[in-house]
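To keep things clear, I will list the structure first and then write my remarks on it.
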Amino acid sequence: MENENRPFARLADFVRVGFERYVRFIGAIYGGEPAAKAAEIAALEHAYRLSPDTTERTP
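To convert, note that position 9 of the sequence shown is 9 in this note's numbering; the numbers rise steadily by one, no gaps.
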C-alpha cells in the first residue's frame with residue numbers, strides 16, 4: 001500500500017472513500033425519484049393534450 005507509513009494520508013484516504021460511498025448510497029436512494037417524476041408528469045401532459053374528448057388545449 002502506498003500510504004502504509006503515512007498515517008495522515010491513510011486517514012484522508014479513509015475519509016475520502018467513506019464520503020464517496022455515502023454520496024453514492026444517498027444518490028442511489030434519491031437520485032432516480034426526480035427523473036421518474038418528471039417522466040410521469042410529461043406522460044400525463046402528453047395524454048392530456050392528445051385526449052380525444054376535449055377541444056384543442058394550450059399549455
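Yeah, the Cβ is synthetic: ideal placement off N, Cα and C, and Gly gets one too.
Discussion item. Could you compute how far the alpha carbon of R10 sits from the alpha carbon of Y22?
Written reply: Translated into positions along the sequence shown, residue 10 becomes position 10. Translated into positions along the sequence shown, residue 22 becomes position 22. Using only the alpha carbons, I get a separation of about 18 Å.
Discussion item. Assuming R6 is part of the alpha helix (DSSP H), what are its boundary residues?
Written reply: Translated into the one-based positions of the sequence shown, residue 6 becomes position 6. Boundaries for R6: no alpha helix (DSSP H) harbours it, and the DSSP string shows neither H nor E there.
Discussion item. Tell me the rounded alpha-carbon separation between G32 and R24.
Written reply: The count along the sequence shown starts at 1 and reaches residue 32 at position 32. The count along the sequence shown starts at 1 and reaches residue 24 at position 24. Each residue's Cα considered, the two are about 12 Å apart.
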